[in-house]
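**Student:**
In the UniProt record's numbering, the protein residues as written are 1 to 293.
1) Mapping the DSSP letters down to three states, classify residue 184 as helix, strand or coil.
2) By DSSP, does residue 124 sit in helix, in strand, or in coil?
3) Locate the alpha helix (DSSP H) running through residue 106, then write down its first and last residues.
4) Spatial neighbours of residue 137 within its chain, please: CB distance less than 7 Å, with the 5 preceding and 5 following residues excluded, ordered by chain position.
5) State the CB to CB distance for the pair residue 297 and residue 112, rounded to an integer number of angstroms; the pair is presumed to be in contact (CB under 8 Å).
6) In the DSSP assignment, find the unbroken alpha helix (DSSP H) run with residue 155 in it and report its ends.
7) Under 8 Å, with one C-beta from each stretch per pair, do the segment 182-191 and the segment 116-134 reach the 3-pair mark?
8) To the nearest angstrom, how far is it from the Cα of residue 262 to the Cα of residue 249?
9) For the alpha helix (DSSP H) containing residue 142, name the first residue and the last one.
10) Quick one: Cα of residue 99 to Cα of residue 169, how far?
11) Checking 8 Å against the spacing of the C-beta atoms, do residue 166 and residue 102 come in under that value?
12) Would you report the Cα separation of residue 149 and residue 156, rounded to the nearest angstrom?
13) Grouping DSSP H, G and I as helix and E and B as strand, with all else coil, what is residue 117?
14) Between which residues of its own chain and residue 153 is the CB-CB distance below 6 Å, once the five residues before and five after are set aside?
15) Using C-beta distances below 8 Å, list every residue in its chain close to residue 115, excluding the 5 sequence neighbours before and after it, in chain order.
16) With DSSP as the reference, label residue 175 as helix, strand or coil.
17) I'd like to check one pair, residue 108 with residue 143: are the Cβ atoms closer than 8 Å?
18) Taking only three categories from DSSP, how would you classify residue 246?
19) For residue 233, count neighbouring C-beta atoms within 10 Å of its own C-beta (all shown protein chains included) and say buried if the count is 16 or more, exposed if not.
20) Are there 16 or more other CB atoms within 10 angstroms of the CB of residue 97, so buried, or fewer, so exposed?
21) If you count every other CB in all the chains shown that lies within 10 Å of the CB of residue 164, and 16 or more means buried, which is it?
22) Using the rule of at least 16 other Cβ atoms within 10 Å of the residue's Cβ for burial, across every protein chain shown, is residue 190 buried or exposed?
23) Going by DSSP, what residue range makes up the alpha helix (DSSP H) through residue 98?
24) Three-state secondary structure (DSSP) at residue 90?
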């Protein structure tokens, strides 16, 4: 009975942890000691992992956060305490510097702002019209090209921060209403739209250049090709005139032969039906000779 009770206590301790020692049982005390030892070893083995995880997820110190608050949002560090930390941007309500940078494309921005779903023409079954998203993408494209040209001279984080600053200003003051994910900032949606469009255009242009180069390599020299084409055209022209001449010759030859055949038939018929020849006098013969001569 004691052995069964000890086995039951061991199972309970294995499932729910050690229990206080029971007086009068050396075997149970030994089992408690083994369980305590194994539990302590497992806890010690897992402790460094938990401690390292906590350190990795810990927030920066207050002094670091205070120092970060003094860094302006448009600087190259851009709220960065170290290079390994993510960038945190803070934008003003109205950014006059961004507005001044976007002055050359203010006409395109005004068109982009007016591209609302209400301004779209009604659907027509006979005309294929562009969707609202396609029109927004087309009107954003020159603005994105301008932003990339303006930030091309910058490097690294400063370039990215400047792009985000301009995209945020566009999203706040010129972006039309679109069905986007509310959890994603609109500036990221603006940035992604013109970046992806420009990337696809560059790929398409490279593919077109490769196709043109392949076609040029497969064709012969242009001068030789032109000379061959001219020779072929001249040969065809000569053959055409030769065929035309042969046709004219055969046509007129047949007509001449038919005329001669008719004349011979007429002459034979006249000679057969005519009266016997009459001898001319000397005077009539002289007159006939004068006429024919």
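Even for Gly, the Cβ is constructed at its ideal location relative to N, Cα and C. Predicted model only: the values in this text are computed from it and were never measured.
**Tutor:** In brief:
1) Here residue 184 refers to the residue found at position 184 when the chain shown is read from its first residue. Correct three-state label for residue 184: coil.
2) If you number the chain shown from 1, residue 124 lands on position 124. In this structure, residue 124 counts as coil in the three-state DSSP scheme.
3) Taking the chain shown and counting its residues from 1, the one referred to as residue 106 is at position 106. Its alpha helix (DSSP H) spans residues 106-114.
4) Indexing the chain shown from 1 puts residue 137 at position 137. For residue 137, same chain residues with a beta-carbon under 7 Å away, outside a window of 5 residues either side, are 193 and 197 in chain order.
5) Nothing about residue 297 can be reported from this structure: the residues present for the chain run from 1 to 293 only.
6) Position 155 of the chain shown, counted from the first residue, corresponds to residue 155. From DSSP, residue 155 is part of no alpha helix (DSSP H); its letter is neither H nor E.
7) Fewer than three pairs of CB atoms, one per stretch, sit closer than 8 Å, so the segment 182-191 makes no contact with the segment 116-134.
8) By 1-based counting over the chain shown, the position of residue 262 is 262. By 1-based counting over the chain shown, the position of residue 249 is 249. Spanning the two alpha carbons is a distance of roughly 20 Å.
9) Here residue 142 refers to the residue found at position 142 of the chain shown. Start and end: 132-150.
10) The sequence position of residue 99 within the chain shown is 99, counting from 1. The sequence position of residue 169 within the chain shown is 169, counting from 1. When rounded, the distance between both Cα atoms is 7 Å.
11) Translated into the one-based positions of the chain shown, residue 166 becomes position 166. Translated into the one-based positions of the chain shown, residue 102 becomes position 102. Yes, the Cβ-Cβ distance between residue 166 and residue 102 is below 8 Å.
12) Taking the chain shown and counting its residues from 1, the one referred to as residue 149 is at position 149. Taking the chain shown and counting its residues from 1, the one referred to as residue 156 is at position 156. Between the alpha carbons of residue 149 and residue 156 lies a gap of roughly 15 Å.
13) Counted from its first residue, the chain shown places residue 117 at position 117. When DSSP states are grouped into helix, strand and coil, residue 117 belongs to the helix group.
14) Along the chain shown, read from residue 1 onward, the residue named residue 153 stands at position 153. Cβ within range, chain order: n/a, list empty.
15) The residue you call residue 115 lines up with position 115 of the chain shown. Around residue 115: 132, 135, 136, 139 and 176.
16) Against the chain shown, residue 175 aligns to sequence position 175. In the structure shown, residue 175 sits in coil (DSSP, three-state: anything other than H, G, I, E or B).
17) Taking the chain shown and counting its residues from 1, one reaches residue 143 at position 143. Taking the chain shown and counting its residues from 1, one reaches residue 108 at position 108. Closer than 8 Å, so yes.
18) Your numbering for residue 246 matches position 246 in the chain shown. Three-state DSSP puts residue 246 in a helix.
19) For this step, residue 233 is matched to residue 233 along the chain shown. Answer is exposed; the Cβ neighbour count stays below 16.
20) As a position in the chain shown, residue 97 is number 97, starting the count at 1. Counting of Cβ neighbours within 10 angstroms places residue 97 among the exposed residues, the total staying below 16.
21) Here residue 164 corresponds to residue number 164 of the chain shown, with the count starting at 1. Residue 164 should be labelled buried.
22) Locating residue 190 in the chain shown gives position 190, where the first residue counts as 1. With 16 or more neighbouring CB atoms inside 10 Å of its own CB, residue 190 falls in the buried class.
23) Translated into positions along the chain shown, residue 98 becomes position 98. Where residue 98 is concerned, the enclosing alpha helix (DSSP H) stretches over 96-101.
24) Position 90 of the chain shown holds residue 90. Note: residue 90 maps to coil in three-state DSSP.
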